[in-house]
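Here the protein sequences come in this chain order: E and Y. Counting along the first sequence from 1, when you hit position 64 you're at 63 in numbering that gives the first Met the number 0, and nothing is skipped either side. Counting along the second sequence from 1, when you hit position 54 you're at 53 in numbering that gives the first Met the number 0, and nothing is skipped either side. No residue lacks a Cβ here, since even glycine has one placed at the ideal position from N, Cα and C.
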Amino acid sequence: MSKAWNTVSEAPAIPLPPGTANEPPALSARRSEAARRAADLPPPAPHDEEWRRTDPARFPLDAWPPVHLEPRPPRPADADPLDEFFDVVIEMDGSGWSVRDRGGVTQSGRIAVLSLAEAAERHPDAVETLWTLEPAVRPRDRHEWAAMAAAAGVFIRVEPGAEFARGVLVRVRQPAGRWFCPLTMLDVSERSTLHVVSAILSEPGDGLAAETVRYRVGAGGRLRLARLQLCAGGPSQMEFVHGRLSEDAQLDAVSVHLGGAAVRSRVGAEAAGRGAGVRIGGLLLAAGTEQADQQTVQIHSAPDTTSDLLFKAAVRDRARSVYRGLIAAHRGAVRIAAYQKNQNLILNEGARVDSLPGLRIDADDLTCTHGATIGSLDPDELFYLRSRGLPESVARRLILEGFFEEIVSRLAMPALRDVVRRHLAERMDAPA
Amino acid sequence: MTNAPQPLLQIEGLRAGVGGREILRGLDLEIAAGEIHALMGPNGSGKSTLSNVLMGHPDYEVGAGRVRLAGEDLLELSPEERARRGLFLAFQYPVAIPGVSVVQFLKAAVEAVRGRESVRAAAFLRELRETAAFLEIGEIFLNRPINEGFSGGEKKRMEILQMLMLRPRMVVLDETDSGLDIDALKVVARGVQRIAGPSAGVLVITHYERILNHIPPHRVHILLEGRIARSGGPELVAELERRGYDWLREPSAAPSG
Ligand SMILES: Nc1ncnc2c1ncn2[C@@H]1O[C@H](COP(=O)(O)OP(=O)(O)OP(=O)(O)O)[C@@H](O)[C@H]1O
Ligand SMILES: [Mg+2]
Numbered sequence: 000m001s002k003a004w005n006t007v008s009e010a011p012a013i014p015l016p017p018g019t020a021n022e023p024p025a026l027s028a029r030r031s032e033a034a035r036r037a038a039d040l041p042p043p044a045p046h047d048e049e050w051r052r053t054d055p056a057r058f059p060l061d062a063w064p065p066v067h068l069e070p071r072p073p074r075p076a077d078a079d080p081l082d083e084f085f086d087v088v089i090e091m092d093g094s095g096w097s098v099r100d101r102g103g104v105t106q107s108g109r110i111a112v113l114s115l116a117e118a119a120e121r122h123p124d125a126v127e128t129l130w131t132l133e134p135a136v137r138p139r140d141r142h143e144w145a146a147m148a149a150a151a152g153v154f155i156r157v158e159p160g161a162e163f164a165r166g167v168l169v170r171v172r173q174p175a176g177r178w179f180c181p182l183t184m185l186d187v188s189e190r191s192t193l194h195v196v197s198a199i200l201s202e203p204g205d206g207l208a209a210e211t212v213r214y215r216v217g218a219g220g221r222l223r224l225a226r227l228q229l230c231a232g233g234p235s236q237m238e239f240v241h242g243r244l245s246e247d248a249q250l251d252a253v254s255v256h257l258g259g260a261a262v263r264s265r266v267g268a269e270a271a272g273r274g275a276g277v278r279i280g281g282l283l284l285a286a287g288t289e290q291a292d293q294q295t296v297q298i299h300s301a302p303d304t305t306s307d308l309l310f311k312a313a314v315r316d317r318a319r320s321v322y323r324g325l326i327a328a329h330r331g332a333v334r335i336a337a338y339q340k341n342q343n344l345i346l347n348e349g350a351r352v353d354s355l356p357g358l359r360i361d362a363d364d365l366t367c368t369h370g371a372t373i374g375s376l377d378p379d380e381l382f383y384l385r386s387r388g389l390p391e392s393v394a395r396r397l398i399l400e401g402f403f404e405e406i407v408s409r410l411a412m413p414a415l416r417d418v419v420r421r422h423l424a425e426r427m428d429a430p431a
Numbered sequence: 000m001t002n003a004p005q006p007l008l009q010i011e012g013l014r015a016g017v018g019g020r021e022i023l024r025g026l027d028l029e030i031a032a033g034e035i036h037a038l039m040g041p042n043g044s045g046k047s048t049l050s051n052v053l054m055g056h057p058d059y060e061v062g063a064g065r066v067r068l069a070g071e072d073l074l075e076l077s078p079e080e081r082a083r084r085g086l087f088l089a090f091q092y093p094v095a096i097p098g099v100s101v102v103q104f105l106k107a108a109v110e111a112v113r114g115r116e117s118v119r120a121a122a123f124l125r126e127l128r129e130t131a132a133f134l135e136i137g138e139i140f141l142n143r144p145i146n147e148g149f150s151g152g153e154k155k156r157m158e159i160l161q162m163l164m165l166r167p168r169m170v171v172l173d174e175t176d177s178g179l180d181i182d183a184l185k186v187v188a189r190g191v192q193r194i195a196g197p198s199a200g201v202l203v204i205t206h207y208e209r210i211l212n213h214i215p216p217h218r219v220h221i222l223l224e225g226r227i228a229r230s231g232g233p234e235l236v237a238e239l240e241r242r243g244y245d246w247l248r249e250p251s252a253a254p255s256g
């Protein structure tokens with residue numbers, strides 16, 4: 000309890016987890032810094048542009064006791080049918096985190112799954128780099144710093160040239176009534192391939208969860224990252240996902256949000272090496288009184304890089320969704336192609352969508368396309384389906400499934416697509 | 000009339016319109032099971048309006064009249080209920096449903112119309128493949144989103160595929176022949192012939208004699224300004240080809256049987 004961040008008592012309270020005393024000093028220093036930075040930033044106010052469309056009261060930083068994620072042995076009860084599609088299954092919940100190496104792949108020495116503290120000892124440079132990665136065009140806010148201060152979890156490193164296409168499943172169960180900050184660091188070396196799926200579920204109740212994901216992909220490496228949030232009726236959640244790609248590296252990321260009382264999502268990628276390619280897809284279906292606020296950044300800091308982003312959202316009942324996109328092209332990032340599209344469906348009156356695409360271009364000789372659409376279900380499509388015998392509710396669901404199919408089909412695993420489709424159908428069919 | 004069998008489709012004094020404008024102005028039409036009828040008429044005379052009203056498009060208002068399918072009042076039913084009673088409309092302009100494949104769409108439709116229990120997945124797929132082959136529709140089409148990026152002719156074949164899979168007893172084809180090449184026309188006609196039979200009724204809406212050579216109608220009706228201006232046998236088609244519609248507008252051209 001002698002850690003520096005516990006002494007910043009005059010500043011607004013930043014809840015910090017106990018039990019980090021054994022961590023390497025460099026990591027402790029980073030935590031202290033994060034806590035201080037969080038404390039130095041003012042709490043969100045409703046008139047802030049950032050918070051104008053989501054209610055800060057749904058994200059209180061000081062209302063819940065923090066959890067420190069310590070490693071623990073796997074529990075047989077955690078097993079799930081989805082596990083069989085993965086080599087490694089990681090569980091994170093209020094009682095800690097565990098790893099099951101189903102394929103025995105960590106024995107090979109080509110993939111390492113470590114706690115943050117272990118990684119700070121064995122791969123200090125990687126941890127340092129990943130910890131400090133942030134998009135210059137959007138510095139961390141108070142919540143993100145606070146999440147870093149309390150973050151604990153898993154570091155996964157893949158050695159050069161190694162392929163883990165079957166991949167790693169990270170299952171996060173958000174506990175209610177806590178300030179819960181799981182962390183995933185992905186260090187994908189040059190010419191290696193890693194497939195990571197994270198499934199985020201939550202206990203019913205309130206609380207606040209903030210997940211941090213940091214990744215880097217070495218030259219010619221490839222990262223597939225799928226993130227599924229299935230958190231209806233659970234704590235408010237935030238996610239901060241960002242990473243950097245070296246020469247000819249590729250990212251294929253898909254995020255799926257199907258439920259969460261309040262969601263703030265920040266997803267970013269920087270194409271930092273010549274020839275790097277970023278592909279990001281997003282799907283969100285909000286219902287009830289849910290509020291979702293998603294921001295993406297696509298950064299091009301090297302020539303001949305590409306990025307392709309497609310985010311689709313549908314809102315029903317009185318839910319609302321805000322999307323803000325940013326494409327940033329740095330000076331010298333010539334011959335880049337950047338694409339950003341946000342498509343929205345409003346399923347009934349009373350639901351609301353805002354879409355704010357943005358560009359910050361300091362380079363020339365580039366192709367940059369962005370656009371947004373907001374619409375409702377097409378009555379002619381509905382009639383066509385009904386004329387073939389489908390009840391209106393089924394017709395609506397089918398059109399919506401079709402709307403999202405472009406994103407769902409980007410998921411590499413059929414089993415995962417089925418999970419998403421099933422949850423989509425449930426959300427659609429649920430009464431208002 | 001008293002000994003005549005009950006008509007399959009019976010339209011009486013139908014008045015209907017859209018956007019506050021009356022388009023059908025007292026339309027009468029009867030089609031018995033086993034019969035093929037043709038409906039012709041100039042652009043804008045109300046043929047597609049009739050199709051939409053029969054199918055129950057929510058934008059169309061019915062002012063007066065009755066429509067019965069096998070004696071049951073259709074106008075009270077939702078579009079999906081009409082489909083389940085065996086009514087099928089092949090649309091003049093079929094819409095695309097992005098992201099919904101033909102297989103997915105038809106599976107849901109067949110389950111809805113024929114009943115989930117009666118269709119098992121394997122049998123459904125076999126039947127779909129066979130029917131597609133019969134209509135010379137390549138298998139790759141079955142996994143494409145319905146009508147998305149399909150050519151005009153491909154969309155029309157897709158309508159016929161849906162018709163055969165749903166096994167309706169009363170079919171309305173709204174200009175299914177328009178824009179078809181000669182081979183596609185034969186394929187469509189072959190599909191319609193498969194459905195036509197002693198218990199089914201067919202209404203072929205068309206501008207052209209061509210399709211009627213492949214699907215010979217028992218009766219031909221001419222729709223003018225929202226009413227059947229004349230009905231007759233197949234010889235009426237040739238007469239229209241020769242004379243156009245103008246002669247029917249003359250006051251002397253009283254509607255006939
Ligand atoms: N949704 C609508 N809103 C307003 N007017 C409409 C609408 N639908 C049809 N109409 C009008 O109703 C009239 C009849 O149209 P309809 O489509 O039924 O004609 P049609 O006989 O099918 O013509 P075509 O041979 O060109 O297909 C036309 O004047 C048309 O402009
Ligand atoms: Mg028409």
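Local conformation of residue i per DSSP, three classes
| i | result |
| --- | --- |
| E/Val-167 | strand |
| E/Glu-162 | strand |
| E/Val-66 | coil |
| E/Thr-128 | helix |
| E/Ala-435 | Residue 435 of chain E is absent from the structure shown; chain E starts at 0 and stops at 431. |
| Y/Val-99 | coil |
| E/Glu-380 | helix |
| E/Ser-27 | helix |
| Y/Asp-72 | strand |
| E/Ser-245 | coil |
| Y/Glu-208 | helix |
| E/Arg-226 | strand |
| E/Gly-324 | strand |
| E/Gln-106 | helix |
Residue i CB to nearest heavy atom of ligand 2 below 7 Å
| i | result |
| --- | --- |
| Y/Gln-91 | yes |
| Y/Asp-173 | yes |
Other residues of its chain near residue i: CB distance less than 7 Å, five sequence neighbours each side excluded
| i | result |
| --- | --- |
| E/Cys-449 | Only positions 0 to 431 of chain E appear in the structure, and residue 449 of chain E is not among them; the question remains open. |
| E/Gly-152 | Leu-68, Met-91, Trp-96, Leu-115, Pro-181, Leu-182 and Thr-183 |
| E/Ile-373 | Asn-343, Ile-345, Val-352 and Ser-354 |
| Y/Arg-248 | Leu-223 |
| Y/Val-112 | Ala-82, Arg-83 and Leu-165 |
| Y/Lys-106 | Phe-123 |
Sequence-distant residues of its chain with Cβ nearer than 6 Å to residue i (five each side left out)
| i | result |
| --- | --- |
| Y/Gln-9 | Glu-29 and Arg-67 |
| Y/Met-201 | Here residue 201 of chain Y turns out to be Val, not Met, going by the sequence shown. So the qualifying residues of the chain are Ile-35, Val-170 and Ala-195. |
| E/Gly-276 | Gln-249 and Thr-305 |
| E/Trp-50 | Pro-43 |
| Y/Leu-13 | Leu-23, Leu-26 and Gly-64 |
Nonlocal neighbours in the same chain, by C-beta distance under 8 Å from residue i, ignoring five residues either side
| i | result |
| --- | --- |
| Y/Glu-186 | The residue asked about is misnamed: residue 186 of chain Y is Val in this sequence, not Glu. For Y/Val-186, where only same-chain residues beyond five positions count, the Cβ hits under 8 Å are Leu-134, Glu-135, Arg-156 and Ile-159. |
| Y/Ile-22 | Ala-15, Gly-16, Gly-45, Thr-48 and Gly-225 |
| Y/Asp-173 | Lys-46, Ser-47, Ser-50, Leu-88, Ala-89, Phe-90, Gln-91 and Ile-204 |
| E/Val-104 | Asp-86, Val-87, Ile-110 and Phe-163 |
| E/Glu-404 | none |
Exercise. For ligand 1, which residues have a Cβ under 5 Å from at least one heavy atom, in chain order?
Worked result: Y/Val-17, Y/Gly-18, Y/Ile-22, Y/Asn-42, Y/Gly-43, Y/Ser-44, Y/Gly-45, Y/Lys-46, Y/Ser-47 and Y/Thr-48
For this session: Decide yes or no for the touch test of the segment 324-342 of chain E against the segment 289-302 of chain E: beta carbon pairs closer than 8 Å, at least 3 of them.
Result: yes
Exercise. Taking contact to mean at least 3 C-beta pairs separated by less than 8 Å, is the segment 58-77 of chain Y in contact with the segment 144-154 of chain Y?
Worked result: no
Exercise. Is it a yes or a no for the segment 308-327 of chain E touching the segment 276-294 of chain E, going by three-plus beta-carbon pairs under 8 Å?
Worked result: yes
Exercise. On the three-pair Cβ rule with 8 Å, is the segment 76-94 of chain E touching the segment 159-167 of chain E?
Worked result: yes
For this session: Could you say if the segment 261-273 of chain E and the segment 233-249 of chain E meet the contact criterion of at least three C-beta pairs nearer than 8 Å?
Result: yes
For this session: Please confirm if the segment 142-152 of chain E is in contact with the segment 55-69 of chain E, defined as three or more CB-CB distances below 8 Å between the two stretches.
Result: yes
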